[in-house]
Every structure is written in structure tokens, then in C-alpha cells.
């Protein structure tokens, strides 16, 4: 039974890591079923469940804020699904909190087997990865999370004590370290240097080997050098320039800006937090904030910092609660940290500089590790029926989502909405198919579910154009433009012509100047430039890009 349970974690993590784009969304749905599998294990074993009081109370407060933020969400479908995922994570935590030994074995086995699998798959990929969230080496090195995962494997080897065969440990460490370096993941470098450094400081009294510390410092320097080598900011006069040129030719390296837009993503997050400080814009909606506050074409679906992203999406109070939860977990074993503590610390540091927390396998691993290392004296019993009851809610929601998706594929959006009223795509199709009196109802409900969803807004705009309600169409087109200034130029032209017809030629010209001015400040494709310039010539306007 333990082996079967282990495979339920291993197989989806391996599949997610190889970066098959069409499967990515299904992993979230899969993890909604995992607590049910765990429930059957508990039921068969007749094992009593206990909850840590303080951590459970804080987690429930966090979930309450997540529920409230759902009502203010820019996209309620995405936020609702992430809310279900949060519930699932908590129940996975509860399970491994009660089965600590199993959790520890699972973590070590998962890290070892997946680490070796991801290295091997990087050399012999069956399906070349086409997803930024894959954990194998890809042809675009700027989105390569192999190093982020291998940092866990290196720490496992580092903290693993095998006195009989130290040579094997050294060989294994440096074999993995080679792949770790050439993953060029600066976030992984940083997290590893800090975590390994703290490990050596903490073990200083018990490890009295000068050569070991000299070696550790040397490896740290190597990682710092490669962090600089993978940066665009190296000048030709720098002694590292030749090394960068050599590595770029021999390895998959595309030097990036030192911060790679992280400062701009943080700025976008802070702007959104300033506007929505209490409850945010809904879980999973950072992309909407990034599009709204975009500068210089720097757009991301992540703040690259877990606390900043939670503050943006679920509000500052939720982010503070998450911070307290993390500090509580860390402090429970801080005086005598077990080996698994360093794995949790590594992931936590990594989550501050990269979006790896959006990769489900990293978040699941962090949850299992936290559950196995966390200790709390005051506990309370959790009835098995309550654990199972929440699982019924999770499975019921999953059935509704799947049924709705299947009905939509059969071109029946109205029935799809009956089963799952948060289905964005179903609203788009329902608006297109119901051009009579029912369309305004679907428009109203669709915009209440996802007020800034471009697909719903444009479907609604086109409907109002067809029925001659041009003012409503213009209002919605403008809403789509405000939500995303990089929207297609055909929509911009619609706004221009409607303004010219309904308002005045001067207002239309002002809008066109606004487009030209904004795109002078950011990078645009040659096709867009040509399209805009041709339009300017057509409208006899002199100002063009």
C-alpha cells in the first residue's frame, strides 16, 4: 500500500517535470483527488488523526481570507480552483503530519528518483519541453528549472551521513553538481549557497575538517562566478567575458539581465497591492496585474516571490498569515534542525526569487517536508468523517468542472454553465450562440465571474455591435484596452472608429496618439509597427512609430 501511495506522488511529479504543455492544468485537478487517496489509506489503517492547534488556526484564517478574496477576484474561476488546491495542500499536510516517518522516506526517495530521472530526460527527451514550468533542461536556458530541483538533491547528499563509503558520497555530489552548475539557475545558486552555508555554520562544532570548509568556500565562489557569467551585464573588458563567450558556445546559455525583470514585477505587485491591499485581486491572477501595470513589455504571471504574490492576489493580511505560518514551522525545529530542515529552507529561499512555487511538484514537496519536520505540543483530534467529508466536497467540485468541460466540448455551453457557473469559456460560447434576449444575461454573469477576461469582453462587445448598441460596445472595448494595452491592434482600431463615430474625430485622434506614445516606450514587433504605420497613412495621421 505504501508503494502504491508513493507512486501516486511520483508519477504525476515526473510527468509535470518533463514539461508537456497540454497536461499542465490537469495536474491541479489531479491533486484535488490526492486527499481522497490518503483518506482511504487512513481508513484502512484505522489511524487516529491529530491537528496542531496553532498552525491549524492560522491556516483556517488564511483560507478565510482566500475565500473573501474570491469575491473580489479578477477571474473567479481561476481563484476558485486555486482555493480548492489550497484545501488539498492542507489535507496533504495533515496526512504527513500524522505519518512523519513515511513522509520523510517519501521526500528522500522522490528527490533521488526524480533528480536522476530529470537529468536523464534532459539528455534523451521523448517530448521536447515547451513549457516554462518544466524541470528538465530545455533549448531555452532562461526557463530551466533543473537546477532548482537538483539543489534539493545536492543538499540531500550533503546532509546524508554515510561514514563507510565517503568516496561514493563525494562522487555522487560532484556528478550532480556538474548538472547543477550548467542549469544556469541563479535562484538555485543563491538558495543553495545560503542553505549550505548555514548547514556548515550549524555543524561547525561537529565537523572539524579544514579541507572540507575550503572545498565548500571554493564551490560557493564557483556558483557566484557562474551567476555573473549568466548575466548580460558583463562588459567586454571584464575578465569573465571570455568565460561567458566560451560557455555560451559550448553550453545552452543565453545571458540574461541581472534581475531579469524581477524589479519590474515587484513594482507591478506593489502597485496592485496599493490599489487592493486587503483582499487582493484573487488567487492565480497576477498576470492581470502585470498586464495592467506593464512597462517596457515586461509581463509575467508571477511576482517571482511567494509572499509578494500572495499579497497581490489574496491581500496583505493573507501574506502576513503565510509568513507567520512559515516562521512557526521553521522555529519548531530551529534549535536542533534535522536534515530535512535544510530542504525546506532551500525551497523557502528559492520561492523568494523564482516562480518555482507555481510548479506543483515543488509546492507538494514543500508541504510534505513541512509536515514531517513540524512539531507542536498542543494538538487536537480530527474526526475521520470530517477529513472524508471535505474530500467529498473536493471530488464533487472536480466532477462539476469535468462535466462542464465535457459539455462545452459537445458545444453545449448553457448546460456547461449549469454544472459549473464559473466556466469562463462557456460564457464566451454562450454569448456567441445566444444572440437574442439571453445574450445580455450571459454577458452580465460572465463579467461578474471574470470582469477583466478579454475573451468575455470581446464576445460581449461584438454582440452589442451586431445589435447596434455601439456605446456599450465601445465601453467594453475600452475596458479590454485598459486591462491589457498589448491587446490586438484590430481592437484598437475598433475603439478608434467608434470614438470617431460616437464622440468626435478629435477624441479618436487623441486615443491614437496615446497608442503611439505608449508604444514608443516599449518593444513592439515589426508586424505591429507596419500595421500601425499603415493605419496612420490610411487615416492621414503624421504621428507614427
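In this note's numbering, the protein residues as written are 1141 to 1685.
Cβ atoms here follow ideal geometry from the backbone N, Cα and C, with glycine treated the same way.
Inset, instruction - Identify, in the order they occur along the chain, each residue of the same chain with its Cβ nearer than 6 Å to the Cβ of residue 1233, setting aside the five sequence neighbours on each side. - result: Excluding sequence neighbours, residue 1233 sits near 1507 and 1511.
Legend entry - Separation of residue 1329 from residue 1650, as counted between CA atoms: For the pair residue 1650 and residue 1329, the Cα-to-Cα distance works out to about 49 Å.
Inset, instruction - Find the nearest neighbour of residue 1254 within the set 1482, 1276 and 1223, judged by alpha-carbon distance. - result: Minimum Cα distance to residue 1254 is reached at 1276.
Legend entry - Stretch pair the stretch 1520-1533 + the stretch 1181-1196: three plus CB contacts closer than 8 Å: Counting Cβ pairs under 8 Å, three or more are found: they touch.
Legend entry - Extent of the continuous alpha helix (DSSP H) run through residue 1553: Boundaries of the alpha helix (DSSP H) harbouring residue 1553: 1553-1559, taken from the DSSP string.
Inset, instruction - Please say whether residue 1225 and residue 1458 have beta carbons closer to each other than 7 Å? - result: Taking a C-beta distance under 7 Å as the contact criterion, residue 1458 and residue 1225 do not qualify as a contact pair.
Legend entry - CA nearest to the CA of residue 1169, picked from 1238, 1206 and 1535: Residue 1169 has its Cα closest to that of 1535, out of 1238, 1206 and 1535.
Legend entry - Reference residue 1271, options 1529, 1564, 1498 and 1580, closest by Cα: Nearest C-alpha to residue 1271 among 1529, 1564, 1498 and 1580: 1498.
Inset, instruction - Give the secondary structure of residue 1519 by DSSP, where H, G and I count as helix, E and B as strand, and everything else as coil. - result: The three-state secondary structure of residue 1519, taken from DSSP, is strand.
Inset, instruction - Using beta-carbon positions only, say whether residue 1446 and residue 1502 come within less than 7 Å of one another. - result: Cβ atoms of residue 1446 and residue 1502: not closer than 7 Å.
Inset, instruction - Please state whether DSSP places residue 1306 in a helix, a strand or coil. - result: Correct three-state label for residue 1306: helix.
Inset, instruction - Drop a sphere of 10 angstroms on the beta-carbon of residue 1622, count the other beta-carbons inside from all chains shown, and report buried for 16 or more, exposed for fewer. - result: Exposed is the call here.
Inset, instruction - Determine the contact status of residue 1356 and residue 1332, defining contact as a CB-CB distance below 7 Å. - result: Taking 7 Å as the Cβ cut-off, residue 1356 and residue 1332 do not qualify as a contacting pair.
Inset, instruction - Consider the C-beta atom of residue 1502 and the heavy atoms of the ligand GDP; say whether any pair is separated by less than 6 Å. - result: The ligand GDP is absent from the structure shown, which contains no ligands of any kind.
Inset, instruction - Could you spell out the range, first to last residue, of the beta strand (DSSP E) harbouring residue 1192? - result: Per DSSP, residue 1192 is one residue of the beta strand (DSSP E) stretching across 1189-1192.
Legend entry - Neighbourhood of residue 1642 by C-beta, 7 Å cutoff - its chain only, sequence neighbours within 5 removed: Leaving aside the five residues that flank residue 1642 on each side, the residues in its chain whose CB is nearer than 7 Å to its CB run, in chain order, 1610, 1611 and 1614.
Legend entry - residue 1269 to residue 1475 span [Cα, whole Å]: Taking the straight line from one Cα to the other gives about 42 Å.
Inset, instruction - Use the C-beta contact count for residue 1413: other C-beta atoms within 10 angstroms, 16 or more gives buried, fewer gives exposed. - result: Using a 10 angstroms sphere on the CB of residue 1413, the tally of other CB atoms reaches 16 or more, which defines it as buried.
Inset, instruction - Could you work out which residue in 1284, 1635 and 1152 is closest to residue 1323 when comparing CA atoms only? - result: Of the candidates 1284, 1635 and 1152, the one whose C-alpha sits nearest the C-alpha of residue 1323 is 1284.
Inset, instruction - Classify residue 1371 as helix, strand or coil using the three-state DSSP reduction. - result: Residue 1371 falls in the strand class under three-state DSSP.
Legend entry - Length of the line joining the Cα atoms of residue 1099 and residue 1616: Residue 1099 lies beyond the stretch modelled for the chain, which goes from 1141 to 1685, so this question has no answer here.
Legend entry - Segment limits, alpha helix (DSSP H) that includes residue 1457: Segment 1456-1471, the alpha helix (DSSP H) holding residue 1457.
Legend entry - residue 1220 burial status per 10 Å Cβ neighbour count (16 or more: buried): Result: buried.
Legend entry - residue 1643 - DSSP class collapsed to helix/strand/coil: Reduced to three states, the DSSP call for residue 1643 is coil.
Inset, instruction - Just the C-alpha distance for residue 1454 and residue 1486, rounded to the nearest angstrom, thanks. - result: Their backbone Cα atoms lie some 24 Å apart in a straight line.
Inset, instruction - On the DSSP bridge assignment, give the partners of residue 1712 in chain order. - result: The chain is shown only over 1141 to 1685; residue 1712 falls outside these bounds and no answer can be derived.
Inset, instruction - Could you tell me the boundaries of the alpha helix (DSSP H) in which residue 1507 lies? - result: First-last of the alpha helix (DSSP H) with residue 1507: 1500-1513.
Legend entry - Distance, residue 1594 Cα to residue 1194 Cα: Cα-Cα distance, rounded: 42 Å.
Legend entry - Bounding residues of the alpha helix (DSSP H) (the contiguous stretch that carries residue 1180): Segment 1174-1185, the alpha helix (DSSP H) holding residue 1180.
Inset, instruction - Within 10 angstroms of the Cβ of residue 1417, are there 16 or more other Cβ atoms? Answer buried if so, exposed if not. - result: Exposed, since its Cβ has fewer than 16 Cβ neighbours within 10 Å.
Inset, instruction - Give the C-beta separation of residue 1267 and residue 1143 to the nearest angstrom, bearing in mind that I take them to be a contact with Cβ-Cβ under 8 Å. - result: At roughly 27 Å, the Cβ-Cβ gap does not stay under 8 Å, so residue 1267 and residue 1143 are not in contact.
Inset, instruction - In angstroms with no decimal places, state the Cα-to-Cα distance between residue 1246 and residue 1442. - result: The alpha-carbon atoms of residue 1246 and residue 1442 are separated by roughly 29 Å.
Legend entry - Selected residue, minimal CA-CA separation from residue 1515, among 1240, 1218 and 1404: Residue 1515 has its Cα closest to that of 1240, out of 1240, 1218 and 1404.
Inset, instruction - Would you be able to state if there are at least three C-beta pairs under 8 Å between the stretch 1396-1410 and the stretch 1426-1433? - result: Taking 8 Å as the limit for Cβ pairs, the verdict is that the stretch 1396-1410 does touch the stretch 1426-1433.
Legend entry - Candidates 1493, 1676, 1430 and 1421, of which the one nearest residue 1591 by Cα: Looking at the Cα atoms, 1421 is the closest of the given residues.
Inset, instruction - For residue 1593, name the three-state secondary structure that DSSP assigns. - result: For residue 1593, the three-state secondary structure derived from DSSP is coil.
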